[in-house]
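Protein chains in written order, with the numbering used here: chain L, 1 to 163; chain P, 164 to 735.
By construction, the Cβ of each residue, glycine as well, lies at the ideal position given by its N, Cα and C atoms.
In this text the structure is predicted, and so the values were computed from the model without any measurement.
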Amino acid sequence: MRRIISVLLENEPGALSRVVGLFSQRNYNIETLTVAPTEDETLSRLTVTTTGPDRVIEQITKQLNKLVEVVKLVDLTEGPHIERELMLIKLKATGSQRAEIKRTVDIFRGQIVDVTSSVYTVQLAGASDKLDGFVQAIGTSGVLEVVRSGVSGIARGEKVLSL
Amino acid sequence: MELLSGADMLIRSLQDQGIEYIYGYPGGAALHIYDALFRQDEVKHILVRHEQAAVHMADGYARATGLPGTVLVTSGPGATNTITGIATAFMDSIPMVVLCGQVASTLIGEDAFQETDMMGVSRPVVKHNLSVRHPSEIPEIIRKAYYIASTGRPGPVVVDIPKDMTAPNERFEYAYPKKVKLRSYNPAIRGHAGQIKKAVDMMLAARRPIIYAGGGVILGKASGQLTELVRKLGYPITNTLMGIGCYPASDKQHLGWLGMHGTYEANMAMHHSDLILAVGARFDDRVTNATEKFCPGARIIHIDIDPASISKTIDADVPIVGPVDAVLKEMLALVKESKEKPDAEALAAWWRQIDEWRAFHGMRYETSPDVIKPQEVVEMLHRLTNGDAFVTSDVGQHQMFAAQYYKFDKPNRWINSGGLGTMGFGLPAAMGIKLTHPDEEVLCITGEGSIQMNIQELSTCNQYKLPVKIINLNNQSLGMVRQWQDMNYESRHSHSYMESLPDFIKLAEAYGHVGIRIDKKEDLEPKLKEALAMKDRLVFVDIQVDRFEHVYPMQVARGCMKDMWLSKTERV
């Protein structure tokens with residue numbers, strides 16, 4: 001099952017390499033990874049999506065917790081949560097395609113953020129499967145370039161991940 | 164406040180940490196530190212001949228005393244040579260601090276002379292590593308390093324020290340922190356009371372219980388609590404290779420150790436048990452055999468300081484995260500005050516069954532009228548040293564024979580590389596112990612393959628007068644490799660024969676020691692006595708043993724606990 005694990009990490013050099021190293025060292029899977037400082041500049045927040053049987057997921061959270069620089073973590077998929085990923089996608093857009101793409105972007109509530117005579121650059125945010133859905137709807141033949149941020153997530157309601 | 168250079172702060176921090184010995188080897192990036200070391204005499208430095216040996220020395224010291232060992236090396240090759248030693252300590256959770264020189268911070272990343280990314284290289288085999296970014300941080304970093312290394316599940320910590328951090332001309336205020344606080348590191352200090360109660364209820368209701376103890380009992384200094392609890396309950400106990408000595412081997416309740424080369428009765432009792440109390444053990448693959456066939460009728464209580472060890476390979480029914488000594492103490496108190504008592508009838512039947520298994524096989528081997536068996540050498544050493552020596556080993560058949568036939572009644576006396584299986588560990592580990600235990604007998608039981616992996620340390624032994632006794636069980640081959648080739652590769656002995664062995668007697672003498680060769684069975688006892696009588700000399704005893712012996716019992720690969728070879732021909 002796919003999991004979203006959110007980690008508060010000491011914002012120190014080398015801390016990220018420990019997390020990434022742990023995954024490769026123990027043969028765990030990383031699908032996406034995002035990391036950035038939080039409002040407290042001594043802490044980074046890292047979000048990793050991974051898949052694996054329950055036993056492996058349990059080991060991932062335990063092994064992450066063992067890293068001295070990991071302050072706290074939560075498996076967001078254990079409860080209700082909001083998941084977002086940002087995609088920038090450059091599409092071939094000429095002739096009649098331009099209107100069609102514009103309509104599809106509107107349906108997915110994306111925005112065209114850059115335009116040339118032959119190219120649209122589209123920005124789209126949402127859960128990963130929504131982004132997948134957009135690429136599918138457009139069709140890969142028109143896609144020139146895709147960049148995705150990886151998943152960020154936060155628990156719904158009053159639950160917070162903080163010190 | 165005092166003003167000190169980074170190098171002086173480093174050495175002062177070691178003094179304030181109470182470090183008596185460090186083991187190491189100098190080089191360019193560590194020279195400021197070595198100069199600071201020269202200008203004092205509280206911290207004594209032992210100069211090894213290869214950095215790997217420095218780490219094993221620190222490791223031997225740590226295993227024998229329970230205190231963290233300390234290593235000092237230079238950057239680049241000095242640092243990378245420590246990696247096998249660090250990985251050895253990591254796999255067996257041994258507390259240790261390894262101080263590594265590094266090229267100046269201004270040169271890092273430029274492929275400078277003797278530059279290696281030691282933070283990156285060591286990362287997968289350390290509990291943690293720390294890099295000095297400003298000289299003033301040194302006291303705090305050293306304090307943190309020892310704190311992390313020796314608390315929770317212990318392990319090695321590397322400190323990377325760029326040369327400019329120890330420059331003699333820059334001075335900073337020195338104060339050694341009394342305490343260290345890390346918001347992200349808080350090892351458990353006691354187990355969950357509800358879980359402990361539940362575990363005790365299950366233990367008292369069990370009909371075929373067994374206690375399975377590991378190296379964590381020794382690391383957690385809980386042998387006393389464990390022994391008291393086991394005796395109070397009257398249950399059988401087995402331990403892992405790493406747990407040897409956590410419960411007296413000569414006691415009737417002790418079934419010997421379990422796993423791949425464990426005793427018949429220990430493996431049988433595990434397989435047929437209905438309740439396993441695992442204490443500071445990690446259900447390693449050399450213990451469980453095929454995990455899906457592991458102890459089908461047993462419920463499992465698992466006590467460990469490291470939550471990641473619990474339900475990693477075998478699911479625990481009752482997990483208890485906490486220090487083993489504290490948890491066992493609470494368990495004992497609950498057992499004492501409980502109205503429930505173990506079912507005496509069920510327990511008696513269980514012991515009858517176990518005694519049958521013991522009688523069926525036990526530990527035995529075939530003797531020969533003229534060939535020396537490695538097992539009998541170990542048995543004789545046990546007798547001649549009253550079972551009270553510190554015994555280090557290398558890795559292979561001799562290691563298994565030593566563990567099987569030297570019956571340890573005390574913890575911290577059996578010193579071996581169980582997790583990583585590092586050949587070359589035995590001699591330097593023995594040196595680390597002898598240095599701090601000059602009046603104790605320290606034996607290194609080894610083989611002619613392993614001893615050559617750190618043989619250069621005979622020179623260090625001469626320099627510091629370390630009269631360890633090296634017992635070389637010489638079968639002229641890499642015995643364990645050959646055993647596997649016999650069993651799995653139709654005796655095709657691919658590269659397991661040691662050709663061109665040196666004359667170990669002359670070699671020992673060249674390094675200033677005594678060499679004794681034993682190749683006749685009748686010489687075994689008198690010559691071993693002669694060697695042991697030379698209290699102030701290192702004696703290298705080269706014993707020609709049976710070249711074709713195998714280690715038994717041996718679990719059948721991919722079977723369950725009870726599937727074993729008992730000899731070359733008997734399989735159960």
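key: Closer than 8 Å at the beta carbon, the chain P residues around Glu41/L   = Residues of chain P passing the Cβ test: none, with the nearest at roughly 15 Å.
ask   = For a contact meaning CB atoms closer than 8 Å, what does Gly283/P contact in chain L?
value = Ser17
Buried or exposed by the 16-neighbour rule on C-beta atoms within 10 Å, applied to Thr233/P = Classification of Thr233/P: buried, given that the 10 Å Cβ count is 16 or more.
ask   = In chain P, which residues lie with their C-beta within 7 Å of the C-beta of Glu10/L?
value = Ser347
message = Considering just the uninterrupted stretch of the alpha helix (DSSP H) at Glu41/L, what are its terminal residues?
response = That residue, Glu41/L, is in no alpha helix (DSSP H); it is neither H nor E in DSSP.
key: Local conformation of His291/P per DSSP, three classes   = strand
ask   = Applying a beta-carbon distance threshold of less than 9 Å, which residues of chain P neighbour Gln97/L?
value = Neighbours of Gln97/L in chain P, taken as residues whose beta carbon is under 9 Å from its own, are absent, since the nearest beta carbon is some 47 Å off.
query = Nearest to Glu542/P by CA position, among His524/P, Gln567/P and Phe553/P, is which residue?
reply = Gln567/P
key: Cβ contact (3+ pairs, closer than 8 Å) linking the stretch 359 to 375 of chain P and the stretch 324 to 344 of chain P   = no
key: Residue(s) in a DSSP beta bridge with Tyr120/L   = Leu91/L and Val115/L.
query = When burial is assigned at 16 or more other CB atoms within 10 Å of the CB, is Phe523/P buried or exposed?
reply = An exposed status is given to Phe523/P, since fewer than 16 other beta-carbon atoms sit within 10 Å of its beta-carbon.
ask   = Shorter than 8 Å from the beta carbon of Ile311/P to some beta carbon of chain L?
value = yes
message = With a threshold of 8 Å, are at least 3 pairs of Cβ atoms found where one atom belongs to the stretch 327 to 336 of chain P and the other to the stretch 256 to 269 of chain P?
response = yes
query = Mind pulling the chain L residues with CB within less than 9 Å of Pro470/P?
reply = Lys62, Asn65 and Lys66
task = Check whether the Cβ of Ser256/P lies closer than 8 Å to any Cβ atom in chain L.
result = It does not: the Cβ of Ser256/P has no partner Cβ on chain L nearer than 8 Å.
request  = Keeping to the same chain, check which residues put their C-beta closer than 8 Å to that of Glu712/P; ignore five residues upstream and five downstream.
outcome  = The residues are Tyr528, Lys536, Pro537, Gln538, Gln560, Asn638 and Gly642.
request  = With 7 Å as the limit, tell me which residues of the stretch 296 to 309 of chain P have their beta carbon closer than that to any beta carbon of chain L; keep them in chain order.
outcome  = For the stretch 296 to 309 of chain P, the set of positions with a beta-carbon nearer than 7 Å to some beta-carbon of chain L is empty.
inquiry  = Which residue wins for smallest C-alpha separation from Ser149/L, given the options Met87/L, Ile30/L, Gly110/L and Thr104/L?
reply    = The candidate whose alpha carbon is nearest that of Ser149/L is Met87/L.
Collapsed DSSP secondary structure at Phe703/P in the structure displayed = strand
ask   = If you run the structure through DSSP and keep just helix, strand and coil, what is Tyr568/P?
value = helix
key: Minimum C-alpha distance to Ile185/P - residue among Ala192/P, Gly191/P and Tyr197/P   = Tyr197/P
query = In chain order, what residues of the same chain have a beta carbon less than 6 Å from the beta carbon of Ser299/P, not counting five sequence neighbours either side?
reply = Phe335
query = Just by C-beta distance, which residues in the stretch 78 to 105 of chain L are closer than 7 Å to chain P?
reply = none
query = What residues in its chain sit with their C-beta under 6 Å from that of Val147/L, if we drop five residues either side in the sequence?
reply = Leu88
ask   = Roughly how many angstroms separate the alpha carbons of Leu389/P and Leu404/P, rounded to a whole number?
value = 17 Å
inquiry  = Does the CB of Ser474/P have a neighbour CB from chain A at under 8 Å?
reply    = The structure shown contains no chain A; the protein chains it does contain are L and P.
message = Let me see if you follow: with CB-CB separation under 8 Å, is Arg286/P close to chain L or not?
response = yes
ask   = How long is the line joining the alpha carbons of Lys102/L and Thr121/L, rounded to whole angstroms?
value = Distance between the alpha carbons of Lys102/L and Thr121/L is about 11 Å.
Within chain L, partners of His291/P - CB distance below 7 Å = Annotation: Cβ neighbours of His291/P in chain L (cutoff 7 Å, chain order): Val68.
message = I'd like to know if Gln123/L contacts chain P, where contact means its C-beta is closer than 8 Å to some C-beta of that chain.
response = no
query = Anyone know if the C-beta pair for Met220/P and Val211/P falls short of 8 Å?
reply = yes
Proximal residues to Leu194/P (C-beta, below 6 Å), its chain only, five neighbours per side dropped = none
task = Consult DSSP for Lys207/P and reduce its assignment to one of helix, strand or coil.
result = strand
ask   = Between Gly354/P and the rest of its own chain, which residues show a CB-CB distance below 6 Å, the 5 nearest in sequence each way excluded?
value = Ile483, Gly485 and Val490
Buried/exposed call for Ile439/P, threshold 16 Cβ in 10 Å = buried
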